[in-house]
Amino acid sequence: AQSVTQPDIHITVSEGASLELRCNYSYGATPYLFWYVQSPGQGLQLLLKYFSGDTLVQGIKGFEAEFKRSQSSFNLRKPSVHWSDAAEYFCAVGITGNQFYFGTGTSLTVIP
Amino acid sequence: DAGVTQSPTHLIKTRGQHVTLRCSPISGHKSVSWYQQVLGQGPQFIFQYYEKEERGRGNFPDRFSARQFPNYSSELNVNALLLGDSALYLCASSLVTGGLQPQHFGDGTRLSIL
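As given, the protein sequences belong to chains A and B, one line each in that order. Sequential numbering from 1 applies to the first sequence in this note's numbering. Sequential numbering from 1001 applies to the second sequence in this note's numbering.
Next up, the structure:
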């Protein structure tokens, strides 16, 4: 069965510091992988997606993610965090039929 | 262009009642999916509709049903509400079905059951 694990429930970083959010997936076929961000009381906004090809994908707001098949991981990174990046981040696997399976999320706090 | 719109934004019901949530997809999008997001959790897949047909169903009881209309808007219905149905219900649309298509989410309907 497919599943997504985000091992870090909550992360705190200083503004300007680098960020890495972890995501591991379990899926028998080639995964379609996504990162979404959710601000309080709002829906999810797509940050980036991986379908195939180059394993390093660039997204909006300066985010990037790297797909590592050998580790079943799709970690999200940002070189310099801004206070406005504070939010909930969700990793998701998309499977045939447009069904998405989400992780439990990582809450990001940015301190000045 | 307008994004995915959901109505109402907030709703309070009591146990045993019925609720209908509505979703209008992005213009041109033919696929609509519904998700339940319990506080502190990630969204859980409920249904996916494409061209008015159900194309996927998550692990939810039969109290949950949905339909899609000719204009591609959708309704999610929940009968015999339980306290555990309190959640944010998210609608997402995409151009077509298939895992290649990112989903665009609305801001959700916050359902509270008393």
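Idealized CB from N, CA, C, for every residue including glycine. All of these numbers come straight from a predicted model, not from anything done at the bench.
Residue i at chain A interface by Cβ criterion, 8 angstroms
{"i": "B/Gly1016", "result": "no"}
{"i": "B/Pro1043", "result": "yes"}
{"i": "B/Gln1048", "result": "yes"}
{"i": "B/Pro1102", "result": "yes"}
{"i": "B/Gly1084", "result": "no"}
{"i": "B/Leu1090", "result": "yes"}
{"i": "B/Phe1064", "result": "no"}
{"i": "B/Phe1105", "result": "yes"}
{"i": "B/Gly1056", "result": "yes"}
{"i": "B/Gly1108", "result": "yes"}
Buried or exposed (CB count within 10 angstroms, at least 16 for buried), residue i
{"i": "A/Gln6", "result": "buried"}
{"i": "B/Val1078", "result": "buried"}
{"i": "A/Lys61", "result": "exposed"}
{"i": "A/Glu88", "result": "buried"}
{"i": "A/Gly53", "result": "exposed"}
{"i": "A/Trp83", "result": "exposed"}
{"i": "B/Gly1028", "result": "exposed"}
{"i": "A/Gln58", "result": "exposed"}
{"i": "B/Pro1070", "result": "exposed"}
Any chain B beta carbon closer than 8 angstroms to residue i
{"i": "A/Gln99", "result": "yes"}
{"i": "A/Phe90", "result": "yes"}
{"i": "A/Thr104", "result": "yes"}
{"i": "A/Leu43", "result": "Looking at the sequence shown, residue 43 of chain A is not Leu but Gly. Yes - at least one Cβ of chain B is within 8 angstroms of the one on A/Gly43."}
{"i": "A/Leu46", "result": "yes"}
{"i": "A/Phe74", "result": "no"}
{"i": "A/Lys68", "result": "no"}
Proximity winner among the options, relative to residue i (alpha-carbon distances)
{"i": "B/Thr1014", "options": "B/Ser1074, B/Ala1092, B/Asp1085", "result": "B/Asp1085"}
{"i": "B/Leu1090", "options": "B/Gln1017, B/His1029, B/Pro1025, B/Glu1053", "result": "B/Pro1025"}
{"i": "A/Glu20", "options": "A/Val37, A/Gly28, A/Ile11, A/Phe100", "result": "A/Ile11"}
{"i": "B/Phe1045", "options": "B/Leu1076, B/Leu1081, B/Phe1069, B/Val1096", "result": "B/Leu1076"}
{"i": "B/Gln1103", "options": "B/Asp1062, B/Gly1040, B/Gln1068, B/Lys1030", "result": "B/Lys1030"}
{"i": "B/Glu1053", "options": "B/Ser1027, B/Ala1002, B/Tyr1072, B/Asp1062", "result": "B/Tyr1072"}
{"i": "B/Leu1082", "options": "B/Gly1058, B/Gly1016, B/Ile1012", "result": "B/Gly1016"}
{"i": "A/Ala29", "options": "A/Gly94, A/Pro112, A/Ser107", "result": "A/Gly94"}
{"i": "B/Ala1080", "options": "B/Val1004, B/Arg1055, B/Leu1114, B/Val1038", "result": "B/Leu1114"}
{"i": "A/Phe67", "options": "A/Leu33, A/Gln42, A/Gln38", "result": "A/Leu33"}
{"i": "A/Val37", "options": "A/Gln2, A/Ala92, A/Pro112, A/Glu15", "result": "A/Ala92"}
{"i": "A/Tyr25", "options": "A/Leu108, A/Phe90, A/Pro112, A/Thr109", "result": "A/Phe90"}
{"i": "B/Arg1063", "options": "B/Val1004, B/His1018, B/Gln1037", "result": "B/His1018"}
Secondary structure, beta strand (DSSP E): runs of 3+ residues fully inside the stretch 1036–1114 of chain B
1044–1050, 1053–1057, 1064–1068, 1074–1078, 1087–1094, 1109–1113
Can we say the stretch 1103–1110 of chain B touches the stretch 1006–1017 of chain B, given the rule of at least three CB pairs closer than 8 angstroms?
yes
At which residue ranges does the stretch 23–63 of chain A contain complete beta strand (DSSP E) runs of 3 or more residues, listed in the order of the chain?
24–26, 32–38, 44–50, 56–58
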